């Protein structure tokens, strides 16, 4: 079945009753022929005009019957064209008094609650809340309450205590320093200088004594206030002089330090001797197990085979396969082969001058041969060979033209094996190429 790109109306199917034509197509075709016959017989026109009019009528009949445009016959296009011509091009909107039923539907009005109903509603809410409080507590809710209490207790620990009274705080000195208690009565304060032992009197500086005396003089003129209990344990641990504790433990620490130093020196000496013995053993082991290194001698240049050669007169025809050589001077002829001696077709050869400007571009034929069509001027030229398939690599050839006939050139490619061999030779012998 034929597949149609545009959907068609299958209900209006017409049978092909007259050959491959439907009744409508046959009617249009016959109508055009009949009108042309009438024009030919009935109209007294000039033959040129008559035949032109007949041709137009016949063409219209054939076009309407067999030439659709965008899969629509011409009769439908003609009907649509006439309708579009006769149809109005401007439209005027006129308001009508018709209202759609959606807008005329009745709406239900929402009645507001009266004051009595509002009070009843509030009382019902309160009863519901009281009833919910009597229900058993959810265990998850208890956990949440405990977690909130724990978090609040933890955050309270980070709150700093603020002091309103900026009074002078006197540190409580250790029992080795004796002071007298003072009463809160300002005029009758009895002051006694602290009794410091002989060991402490040497360590306490004159500056610390002045500070303590000034503090006691201020206390004589002002009321003595108790230290807050929060700070009291902290102030008891304050040391006026750290040298007191250091002087007690100093001899014992010196003895321990001397012992540790002696042990450390002995350990370092043992480590040095062990390292020397280990290095000697390593040298002996390497001298026993390490084989003798034999450096291979580099290959001579005579062993290397050139990749670009000039054929001799005797073997030129056999090597290149060219039956007749050009006799004109400065004509470059040659052949390209692989390492096994097989010809390489479709190889690109570019001839450049000393400045690197390309002068000729050649391509080998099916027999691997290439030749320049016109002679070059005398000078030095370079031949760069390239494989479009990237299978082989070629060396760059240098030619010197002196206005003489040249013998054919044989260019041999480098395959993968040759490249690997050359790489190994460079690693073993250095920069000497094979």
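Numbering (this note's numbering), first residue to last: 1 to 434. The beta-carbon is built from N, C-alpha and C at its ideal position, and this holds for glycine as well. From a predicted model like this one, the values you see are computed outputs, not experimental measurements.
Using the beta-carbon count (16 or more within 10 Å), is residue i buried or exposed?
i	result
residue 136	exposed
residue 271	exposed
residue 320	buried
residue 337	buried
residue 410	buried
residue 124	exposed
residue 427	exposed
residue 54	buried
residue 36	buried
residue 239	With a pLDDT of 46 at residue 239, under the threshold of 50, the predicted position of this residue should be treated as unreliable, though the coordinate-derived value follows. Result: exposed.
residue 205	Below a pLDDT of 50, predicted positions are generally treated as unreliable, and residue 205, at 46, falls in that range; no measurement from the model is reported.
residue 99	exposed
residue 385	buried
residue 412	buried
residue 92	exposed
residue 25	buried
residue 19	exposed
residue 335	buried
Please state if the CB of residue j and the CB of residue i are separated by a distance shorter than 8 Å.
i	j	result
residue 340	residue 405	no
residue 371	residue 324	no
residue 416	residue 378	no
residue 383	residue 400	no
residue 375	residue 408	no
residue 307	residue 423	no
residue 366	residue 345	yes
residue 362	residue 353	no
residue 63	residue 74	yes
What residues match up with residue i in a beta bridge as DSSP calls it?
i	result
residue 380	400
residue 106	None; residue 106 has no bridge partner.
residue 362	349
residue 257	Paired residues: none, contrary to the question.
residue 486	Here the chain covers residues 1 to 434 and nothing more, so residue 486 does not appear.
residue 409	310, 334
residue 18	21
residue 69	72
residue 393	414
How far does the beta strand (DSSP E) with residue i in it extend, from its first residue to its last?
i	result
residue 388	Note, residue 388: premise wrong, no beta strand (DSSP E); not H, not E.
residue 369	369–371
residue 341	Residue 341 -> no beta strand (DSSP E), and no H or E assigned at all.
Let's see if you can read the secondary structure: which residues bound the alpha helix (DSSP H) around residue i?
i	result
residue 119	115–134
residue 428	416–429
residue 41	23–42
residue 308	Not the alpha helix (DSSP H): residue 308 falls in the beta strand (DSSP E), residues 308–310.
residue 82	74–86
residue 375	Taken as a continuous stretch (DSSP letters only), residue 375 belongs to no alpha helix (DSSP H), as it is neither H nor E.
residue 65	47–66
Just confirm the distance between the C-beta atoms of residue i and residue j, as a whole number of angstroms; I'd bet it's less than 8 Å.
i	j	result
residue 368	residue 343	3 Å
residue 419	residue 393	7 Å
residue 351	residue 364	The pair is not a contact, with the Cβ atoms about 14 Å apart (cut-off 8 Å).
residue 32	residue 60	6 Å
residue 79	residue 57	About 19 Å separates the two Cβ atoms, so there is no contact after all.
residue 29	residue 65	5 Å
residue 436	residue 121	Nothing about residue 436 can be read from this structure; the chain reaches only from 1 to 434.
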